[in-house]
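Protein chains in written order, with this note's numbering: chain D, 35 to 207; chain G, 320 to 892.
Don't be surprised by glycine CBs; every beta carbon is placed ideally from N, CA and C.
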Amino acid sequence: MAIIELIKNRPHIHTISLLVANKPGVLLRISLIFSRRGFNIESLVVSPTLDGRYSRMTITAHGEPSVLEQIIKQASKLIDVVHASEHKDSREVVEKELALIKVHAKAEKRAELLQVIQHFKSITIDLGPEELIIQVTGSTEKLDAMVAFLQDYGIIELVRTGKVVMGRGKMTT
Amino acid sequence: MTKKATTGAEALIKCLENKDVKFIFGYPGGAAIPIFDALFDSTIDLVLVRHEQGATHIADGYARATNKPGVVLVTSGPGATNTITGIITAQMDSIPLVVLCGQTITSALGKDAFQEADVFGITAPLVKHSYLVKDPNDIPRIVEEAFHIAQTGRPGPVIIDLPKDITSADCTASLKNITMDLPGYTIPEKAPKKDIQKLAELLKASKKPLILAGHGILISGASKEMKTLAEKLGAPVTNTLLGKGAFPENHALALGMLGMHGTAYANKAVSNCDLIFSIGCRWDDRITPAKIERFCPNAKKLHIDIDIAEIGKVLQPDAYAIGDAKAILTELIKMVEPLPTEPWLKELDAYKKKYPLGYKIHGGLKAQHVIDELYNLTKGDAIVTTDVGQHQMWAAQFFKTHAPDTWISSGGAGTMGFGFPAAIGAQMGCPDQTVIAIVGDGGFQMTAFELSTAAIRKLPLKIVVIDNKFLGMVRQWQELFYDQRLSGVDLEGNPDFVKLGEAYGIKGFRIKRPADVRRILEKALAYNDGPCIIHAEVVKEDNVFPMIPAGGSSDDMIIEAPKYKMEKPKGST
Chain D
35 MAIIELIKNR
45 PHIHTISLLV
55 ANKPGVLLRI
65 SLIFSRRGFN
75 IESLVVSPTL
85 DGRYSRMTIT
95 AHGEPSVLEQ
105 IIKQASKLID
115 VVHASEHKDS
125 REVVEKELAL
135 IKVHAKAEKR
145 AELLQVIQHF
155 KSITIDLGPE
165 ELIIQVTGST
175 EKLDAMVAFL
185 QDYGIIELVR
195 TGKVVMGRGK
205 MTT
Chain G
320 MTKKATTGAE
330 ALIKCLENKD
340 VKFIFGYPGG
350 AAIPIFDALF
360 DSTIDLVLVR
370 HEQGATHIAD
380 GYARATNKPG
390 VVLVTSGPGA
400 TNTITGIITA
410 QMDSIPLVVL
420 CGQTITSALG
430 KDAFQEADVF
440 GITAPLVKHS
450 YLVKDPNDIP
460 RIVEEAFHIA
470 QTGRPGPVII
480 DLPKDITSAD
490 CTASLKNITM
500 DLPGYTIPEK
510 APKKDIQKLA
520 ELLKASKKPL
530 ILAGHGILIS
540 GASKEMKTLA
550 EKLGAPVTNT
560 LLGKGAFPEN
570 HALALGMLGM
580 HGTAYANKAV
590 SNCDLIFSIG
600 CRWDDRITPA
610 KIERFCPNAK
620 KLHIDIDIAE
630 IGKVLQPDAY
640 AIGDAKAILT
650 ELIKMVEPLP
660 TEPWLKELDA
670 YKKKYPLGYK
680 IHGGLKAQHV
690 IDELYNLTKG
700 DAIVTTDVGQ
710 HQMWAAQFFK
720 THAPDTWISS
730 GGAGTMGFGF
740 PAAIGAQMGC
750 PDQTVIAIVG
760 DGGFQMTAFE
770 LSTAAIRKLP
780 LKIVVIDNKF
790 LGMVRQWQEL
800 FYDQRLSGVD
810 LEGNPDFVKL
820 GEAYGIKGFR
830 IKRPADVRRI
840 LEKALAYNDG
850 PCIIHAEVVK
860 EDNVFPMIPA
870 GGSSDDMIIE
880 APKYKMEKPK
890 GST
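#1: In angstroms with no decimal places, state the Cα-to-Cα distance between Gly-540 (chain G) and Ser-361 (chain G).
#2: Mind the definition here: the region 406-426 of chain G touches the region 177-190 of chain D only if three or more C-beta pairs lie below 8 Å; say whether that holds.
#3: At the level of alpha carbons, what is the spacing between Ala-585 (chain G) and Gly-533 (chain G)?
#4: Could you pull the DSSP bridge partners for Met-576 (chain G) from this structure?
#5: Reducing DSSP to helix, strand and coil, say where His-448 (chain G) ends up.
#6: Give me the residue from G:Pro-608, G:Asp-431, G:Ala-767, G:Gly-827 with the minimum Cα distance to Asp-848 (chain G).
#7: Run through chain D and tell me which residues come within less than 8 Å of Ile-627 (chain G), C-beta to C-beta.
#8: I need the boundaries of the alpha helix (DSSP H) containing Met-866 (chain G), first residue and last residue.
#9: Give, in chain order, every residue of the region 459-477 of chain G whose Cβ lies closer than 7 Å to some Cβ of chain D.
#10: Please state whether the Cβ-Cβ distance between Leu-594 (chain G) and Ala-573 (chain G) is less than 7 Å.
#11: Hey, does Arg-71 (chain D) have any beta-carbon neighbour from chain G nearer than 7 Å?
#12: Assuming Glu-342 (chain G) is part of the beta strand (DSSP E), what are its boundary residues?
#13: In whole angstroms, what separates the C-alpha of Gly-86 (chain D) from that of Cys-749 (chain G)?
#14: Using a threshold of 7 Å, state whether the C-beta atoms of Lys-889 (chain G) and Glu-856 (chain G) are closer than that.
#15: With a cut-off of 8 Å on the beta carbons, I'd call Ala-774 (chain G) and Gly-824 (chain G) a contact; round off their distance for me.
#16: Is it the case that the Cβ atoms of Gly-738 (chain G) and Thr-486 (chain G) are separated by a distance below 7 Å?
#17: Listing by chain order, which chain D residues have their CB less than 7 Å from the CB of His-448 (chain G)?
#18: By Cβ distance below 8 Å, which residues in the same chain neighbour Ala-521 (chain G) in space, the five residues on each side in sequence not counted?
#19: What would DSSP say about Gly-201 (chain D), mapped onto helix, strand or coil?
#20: Quick one: give me the first and last residue of the beta strand (DSSP E) that Leu-799 (chain G) is part of.
#21: Measure the alpha-carbon distance for Thr-660 (chain G) versus Gly-553 (chain G) and round it to whole angstroms.
#22: Select from G:Val-754, G:Ala-432, G:Thr-607, G:Leu-481 the residue whose C-alpha is nearest the C-alpha of Ala-843 (chain G).
#23: Let's test the definition: count the other Cβ atoms within 10 Å of the Cβ of Arg-804 (chain G) and tell me whether it reaches 16, buried, or not, exposed.
#24: Just to confirm before moving on: does the CB-CB distance between Val-418 (chain G) and Ile-352 (chain G) stay below 7 Å?
#25: Taking the alpha helix (DSSP H) that Lys-645 (chain G) falls in, what are its first and last residues?
#26: Please determine, among G:Val-340, G:Trp-726, G:Ala-357, the residue with the shortest C-alpha to C-alpha distance to Ala-330 (chain G).
#27: Tell me the start and end of each unbroken beta strand (DSSP E) in the region 63-138 of chain D that is at least 3 residues and wholly inside, in chain order.
#28: Would DSSP call Arg-804 (chain G) helix, strand or coil?
#29: Of all the residues that make up the region 502-515 of chain G, which are near chain A by a beta-carbon distance shorter than 8 Å?
#30: For Leu-177 (chain D) versus Ala-141 (chain D), is the C-beta distance shorter than 7 Å?
#31: Shorter than 7 Å from the beta carbon of Arg-63 (chain D) to some beta carbon of chain G?
#32: List, from N- to C-terminal side, the alpha helix (DSSP H) runs of 4 residues or more that fit wholly inside the region 363-411 of chain G.
#33: In the DSSP assignment, the beta strand (DSSP E) including Asp-624 (chain G) goes from what residue to what residue?
#34: Using a C-beta to C-beta distance shorter than 8 Å, which residues of chain G count as neighbours of Ala-95 (chain D)?
#35: For Ala-139 (chain D), which residues in chain G fall below 7 Å Cβ to Cβ?
#36: Let's test the definition: count the other Cβ atoms within 10 Å of the Cβ of Glu-146 (chain D) and tell me whether it reaches 16, buried, or not, exposed.
Structure, rendered in structure tokens:
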């Protein structure tokens with residue numbers, strides 16, 4: 035029930051990929067463009083590309099598509115942004131996210147919990163006497179579903195990396 | 320004796336000299352001393368201003384009049400923050416500025432050091448680009464990039480924040496053959512031919528076209544092409560506030576400025592055209608209604624802009640071309656034929672006759688009268704700068720602009736205090752031209768401290784202070800929309816501006832009566848031994864018409880003072 039509600043009520047999330055110069059201040063300039071239009075950044079991943087002069091940014095955000103289009107144009111205009119685009123079609127890209135979830139795992143619930151972990155093809159990466167840490171990877175929706183499911187066991191902490199995407203085959207990111 | 324190594328500051332100044340910088344408008348302070356020290360031996364003329372805001376507006380006026388970037392040099396902390404208003408003014412109006420700021424030493428950054436401000440952070444949303452220099456050897460490249468970025472594409476201000484230890488340290492980098500590193504910066508030069516063809520096709524089908532000439536034409540240097548196109552098509556031309564000069568406003572096809580206080584006939588043309596063609600204009604909210612679908616709903620919209628982010632920002636054009644206006648117009652002119660616009664031009668002529676711009680010469684001195692007479696006496700051959708408010712709109716209406724780069728006004732930011740310092744910059748850039756600053760009593764007092772800057776250099780500029788002892792534009796709104804509840808607009812207590820000038824050794828003239836306007840302006844225009852102030856004591860309560868209430872469309876235009884109470888504007892400021 036909770037899972038369905040969560041996924042149903044989830045606003046449409048846009049995924050934007052940017053190739054930027056690996057210089058100080060780039061993140062500031064990009065986030066200013068989003069905040070000026072009242073866009074809330076949902077997740078943000080930045081890391082250097084194979085060529086260390088550049089970084090790849092993957093941003094997810096929700097809001098009006100027409101405003102987002104404008105935001106992308108304005109971001110593209112920034113001197114340090116080489117390329118910015120929205121990935122509208124999930125068939126063109128692979129999308130992945132990773133989450134670490136710390137849950138209560140008293141002895142009596144542990145076996146049941148391990149079944150859930152197995153079901154989501156996730157793994158246990160830290161096992162304590164009363165809690166354990168789960169590592170789960172997959173689509174944002176899958177992670178949302180697992181988080182919702184685990185709520186009944188009592189989530190102590192949740193850390194998510196945010197989504198990264200890559201173009202399939204010859205498709206460039 | 321061995322040759323002294325070059326410091327970062329010396330390299331910086333050398334690079335500026337290599338960029339042909341003639342003037343630096345600046346104000347010193349602790350963090351900028353190494354740069355001022357390097358300037359001591361330079362051929363660049365350092366213009367010491369009286370406030371950093373003044374420096375940015377002077378540089379801005381210089382840039383607008385000469386099409387060269389204006390260079391500003393200030394110190395850290397308050398020195399840098401005082402430039403903010405000037406920077407946003409330049410950014411909003413696409414003016415190339417390079418602003419050099421001294422900064423505290425790198426090891427003290429972020430530690431609340433004396434006169435430290437996060438200039439990079441504060442200015443990030445207001446600039447085209449910015450740098451915090453961390454290595455003296457980066458200075459030549461950064462200067463090269465800064466000038467390139469400021470001037471190309473859609474121009475804008477670039478800030479270079481220079482920590483004192485960096486400007487004091489040795490710079491061993493070569494000052495010649497500098498390679499820029501700007502992989503993310505592309506300038507659209509040529510638009511695809513098919514896009515230009517689409518423009519031509521839509522034009523071909525139009526019987527009632529209207530060209531909307533914007534500032535982009537002036538930036539691109541395309542006013543000649545603009546004129547050729549209008550004349551070839553037989554299309555009337557209206558211009559934005561910043562587009563004044565893009566097309567001669569005394570041309571038979573010219574309708575003058577459109578928008579909130581544009582001419583009635585320009586706005587009638589907007590209402591009735593079947594095609595509107597913006598060239599380098601961004602459909603700003605002073606010329607388009609809040610409900611954009613009310614903007615000439617039956618007209619095809621065409622748009623040329625160098626900035627892709629302007630396409631579709633306010634309205635979705637039926638056809639557009641992205642690139643340099645001059646290059647696009649050159650192509651477009653070859654593709655178009657004369658249009659059957661005679662009935663349309665006749666219709667517009669009738670509007671011109673029916674709703675001319677006007678004012679009553681009697682019943683006290685009118686700002687419009689002073690400005691109109693200035694126009695007649697100079698025959699329009701002058702660079703005019705303005706502040707912001709009623710006088711600005713009257714100047715835009717009555718001082719027709721004939722030539723490119725002779726109208727200098729703060730449009731996007733609407734910065735009061737801009738006009739007078741901008742005139743200083745324009746006069747320094749164009750010493751042989753008549754420069755007239757038409758300013759209001761409110762705005763002039765915001766930057767009047769630059770009178771020393773103008774006086775010392777004996778710049779022969781004419782400062783026309785339109786003094787109605789009110790913040791007139793706000794008063795006009797309070798009168799029309801807020802039940803006459805005048806709040807915070809009374810400027811009683813203004814100085815005697817002639818005496819203010821005297822205190823600086825500046826010549827003064829006073830106009831009080833309509834009968835004196837011509838005689839006194841003739842005298843003032845003939846005075847060229849230095850700046851002069853013309854204190855025009857105009858009637859206190861006069862309003863600017865025509866007027867489109869904010870957020871309204873050209874159909875909502877009122878030609879004269881309404882006899883009924885008006886609704887408060889919604890959906891726009």
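In short, the structure shows the following:
#1: Along the second sequence, read from residue 1 onward, the residue named residue 540 (chain G) stands at position 221. Along the second sequence, read from residue 1 onward, the residue named residue 361 (chain G) stands at position 42. Gly-540 (chain G) and Ser-361 (chain G): Cα-Cα distance of roughly 31 Å.
#2: Not touching, per the Cβ criterion.
#3: As a position in the second sequence, residue 585 (chain G) is number 266, starting the count at 1. As a position in the second sequence, residue 533 (chain G) is number 214, starting the count at 1. Going by the C-alpha atoms only, they are around 14 Å apart.
#4: Translated into positions along the second sequence, residue 576 (chain G) becomes position 257. Listed as beta-bridge partners of Met-576 (chain G) by DSSP are G:Asn-558.
#5: Start at 1 with the first residue of the second sequence, and residue 448 (chain G) comes out as number 129. Residue state, collapsed to three classes: strand.
#6: Looking up residue 848 (chain G) in the second sequence gives position 529. Checking every option, the nearest Cα to that of Asp-848 (chain G) belongs to G:Gly-827.
#7: Translated into the one-based positions of the second sequence, residue 627 (chain G) becomes position 308. Under the 8 Å cutoff, chain D gives Lys-107, Ser-110, Lys-111.
#8: The sequence position of residue 866 (chain G) within the second sequence is 547, counting from 1. From DSSP, Met-866 (chain G) is part of no alpha helix (DSSP H); its letter is neither H nor E.
#9: Against chain D - using a Cβ distance shorter than 7 Å - the residues of the region 459-477 of chain G are Ile-468.
#10: Walking along the second sequence from the start, residue 594 (chain G) turns up at place 275. Walking along the second sequence from the start, residue 573 (chain G) turns up at place 254. Cβ distance not < 7 Å, so Leu-594 (chain G) and Ala-573 (chain G) don't count as in contact.
#11: Here residue 71 (chain D) refers to the residue found at position 37 of the first sequence. No - not a single Cβ of chain G is within 7 Å of the one on Arg-71 (chain D).
#12: Looking up residue 342 (chain G) in the second sequence gives position 23. The sequence shown places Phe at residue 342 (chain G), rather than the Glu named in the question. 342-345 is the extent of the beta strand (DSSP E) around Phe-342 (chain G).
#13: Working through the first sequence from its first residue, we reach residue 86 (chain D) at position 52. Working through the second sequence from its first residue, we reach residue 749 (chain G) at position 430. A direct Cα-to-Cα measurement between Gly-86 (chain D) and Cys-749 (chain G) gives close to 47 Å.
#14: Position 570 of the second sequence, counted from the first residue, corresponds to residue 889 (chain G). Position 537 of the second sequence, counted from the first residue, corresponds to residue 856 (chain G). No, the Cβ-Cβ distance between Lys-889 (chain G) and Glu-856 (chain G) is not below 7 Å.
#15: For the purposes of this step, residue 774 (chain G) is taken as the residue at position 455 of the second sequence. For the purposes of this step, residue 824 (chain G) is taken as the residue at position 505 of the second sequence. So it is a contact: roughly 6 Å between Cβ atoms.
#16: Sequence index remark: in the second sequence, residue 738 (chain G) carries index 419 (1-based). Sequence index remark: in the second sequence, residue 486 (chain G) carries index 167 (1-based). No; because the gap between Cβ atoms is not below 7 Å, this pair is not in contact.
#17: Translated into the one-based positions of the second sequence, residue 448 (chain G) becomes position 129. Contact of His-448 (chain G) with chain D by beta-carbon distance below 7 Å involves Ile-113.
#18: Residue mapping note: residue 521 (chain G) aligns to position 202 of the second sequence, counting from 1. Correcting the residue type first, residue 521 (chain G) is Leu in the shown sequence and not Ala. Excluding positions up to five away in sequence, the list reads Leu-594, Lys-619, Leu-621, Asp-637, Ala-638.
#19: Along the first sequence, one-based indexing puts residue 201 (chain D) at 167. When DSSP states are grouped into helix, strand and coil, Gly-201 (chain D) belongs to the strand group.
#20: Here residue 799 (chain G) is taken as the residue at index 480 of the second sequence, counted from 1. Bounds of any beta strand (DSSP E) do not take in Leu-799 (chain G); it lies within the alpha helix (DSSP H) bounded by 791-800.
#21: One-based indexing of the second sequence puts residue 660 (chain G) at position 341. One-based indexing of the second sequence puts residue 553 (chain G) at position 234. One C-alpha to the other measures close to 6 Å.
#22: For the purposes of this step, residue 843 (chain G) is taken as the residue at position 524 of the second sequence. The shortest C-alpha separation from Ala-843 (chain G) is found at G:Val-754.
#23: Position 485 of the second sequence, counted from the first residue, corresponds to residue 804 (chain G). Around the beta carbon of Arg-804 (chain G), fewer than 16 other beta carbons lie within 10 angstroms, which makes this residue exposed.
#24: The residue given as residue 418 (chain G) occupies position 99 in the second sequence. The residue given as residue 352 (chain G) occupies position 33 in the second sequence. Taking a C-beta distance under 7 Å as the contact criterion, Val-418 (chain G) and Ile-352 (chain G) do not qualify as a contact pair.
#25: To locate residue 645 (chain G), count along the second sequence from 1; it is residue 326. Per DSSP, the unbroken alpha helix (DSSP H) holding Lys-645 (chain G) starts and ends at 644-654.
#26: As a working note, residue 330 (chain G) is residue 11 in the second sequence. Among G:Val-340, G:Trp-726, G:Ala-357, the Cα nearest to that of Ala-330 (chain G) is on G:Ala-357.
#27: Taking only runs of at least 3 residues, the beta strand (DSSP E) segments lying wholly in the region 63-138 of chain D are 74-82, 88-96, 115-120, 127-138.
#28: Here residue 804 (chain G) refers to the residue found at position 485 when the second sequence is read from its first residue. Secondary structure of Arg-804 (chain G) (DSSP, three-state): coil.
#29: Among the protein chains in the structure shown, which are D and G, there is no chain A.
#30: Mapped onto the first sequence, residue 177 (chain D) falls at position 143. Mapped onto the first sequence, residue 141 (chain D) falls at position 107. Going by C-beta atoms, Leu-177 (chain D) is not nearer than 7 Å to Ala-141 (chain D).
#31: Working through the first sequence from its first residue, we reach residue 63 (chain D) at position 29. Yes, its Cβ sits closer than 7 Å to a Cβ of chain G.
#32: The alpha helix (DSSP H) runs lying completely inside the region 363-411 of chain G and spanning 4 residues or more are 371-385, 397-400, 403-411, given in chain order.
#33: Locating residue 624 (chain G) in the second sequence gives position 305, where the first residue counts as 1. Annotation: the continuous beta strand (DSSP E) that includes Asp-624 (chain G) extends over 619-624.
#34: On the first sequence, residue 95 (chain D) is found 61 positions in, with the first residue counted as 1. Per Cβ cutoff of 8 Å: no residues; Ala-95 (chain D) is ~18 Å from chain G at best.
#35: Your numbering for residue 139 (chain D) matches position 105 in the first sequence. Contact of Ala-139 (chain D) with chain G by beta-carbon distance below 7 Å is absent, the smallest such distance being about 43 Å.
#36: The residue given as residue 146 (chain D) occupies position 112 in the first sequence. So Glu-146 (chain D) ends up on the exposed side.
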